[in-house]
Amino acid sequence: MVAAAKQYADEKAPGLPDSEKAKRKETREKISGILDLHEMARLILAGNWKKQKPVDSEKYAGLLTALVEKIGYPQIEKFFNGNLEITYTGEKPLGNDKTSVFTSILAKDEDVTFSTEFRLYLTDKGWRIYDVITDGESLLLIYRNQHAGIIKEKGFPQLIKLMEKKLNESK
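Here the sequence shown is numbered in the working numbering, starting from -16 and rising by one per residue.
Next comes the structure, spelled out in structure tokens:
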């Protein structure tokens, strides 16, 4: 995933030749093959997942995936700009076909080191990431807290509208 993230750039950027679009699409698919955004969406919504109609839960998962691919992946590419040194530091089984993989990341430009934990689960397609924890901050829990607050205050339909608006603004 890290190797693919270093190469990622939006394949829909204007003015790209077809060969570059295909290369960028392949890179996006590599990242998406490791990072399970659908499972992350289910875990973010937690109890709210089953409270929604299946079509609405799937719409949420689709919007989350589109937003992460459109906004998040380009940020990953900027972050993994070649000035990082990533060291595998270990792993810990979590039970129920889940595990954590730990890394230490040195940002050479800033001489800052931080730890990252990738939480994975085993699928019939291999290990897939469902959460990334950087210096103790869980991406899944950050989204869960944000989205649960919106659902509580304004309702699930408003969360969907906000996500659609954000996606349309990023195009």
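All residues carry an ideal CB built from backbone N, CA and C; glycine is no exception.
Can you list, in chain order, the residues of its chain whose CB lies under 8 Å from that of residue i, leaving out five sequence neighbours each side?
i    : result
S22  : At residue 22 the sequence reads Glu, which differs from the Ser that was named. Cβ within range, chain order: Y104, R111, Y113.
L150 : L46, A49, L50, K53
D92  : N66
What is the rounded straight-line gap between the Cα of residue i and the Cα of residue j?
i    : j    : result
T155 : E120 : No information on residue 155 is available, as it lies outside the stretch -16 to 154 that the chain covers here.
T72  : L18  : 20 Å
L28  : K148 : 19 Å
K75  : P0   : 44 Å
Taking its Cβ as the centre, do 16 or more other Cβ atoms sit within 10 Å of residue i, making it buried, or is it exposed?
i    : result
F97  : exposed
L124 : exposed
A44  : buried
I69  : exposed
K33  : exposed
N31  : buried
Would the beta-carbon of residue i be found less than 7 Å away from any heavy atom of the ligand PLP?
i    : result
D114 : Here there are no bound small molecules, and the ligand PLP is not part of this structure.
Would you please state the rounded distance, in angstroms, between the beta carbons of residue i and residue j? I believe it to be under 8 Å.
i    : j    : result
L168 : A90  : Residue 168 lies beyond the range of the chain shown here (-16 to 154); nothing can be said about it.
D39  : F101 : So it is not a contact: roughly 29 Å between Cβ atoms.
In terms of residue numbering, what span does the beta strand (DSSP E) encompassing residue i cover?
i    : result
A29  : Per DSSP, A29 belongs to no beta strand (DSSP E) and is neither H nor E.
D114 : 109 to 117
Is the Cβ of residue i closer than 8 Å to any Cβ of chain B?
i    : result
I133 : Of the protein chains in the structure, only one exists, and it is not chain B.
Kindly list the residues whose CB is nearer than 6 Å to the CB of residue i, restricted to its own chain and excluding five residues on each side of it in sequence; keep chain order.
i    : result
K81  : Y104
E136 : none
E152 : none
Going by beta carbon distance, what residues of the same chain come within less than 7 Å of residue i, once the five residues before and after it are set aside?
i    : result
I133 : Q141, L142, L145
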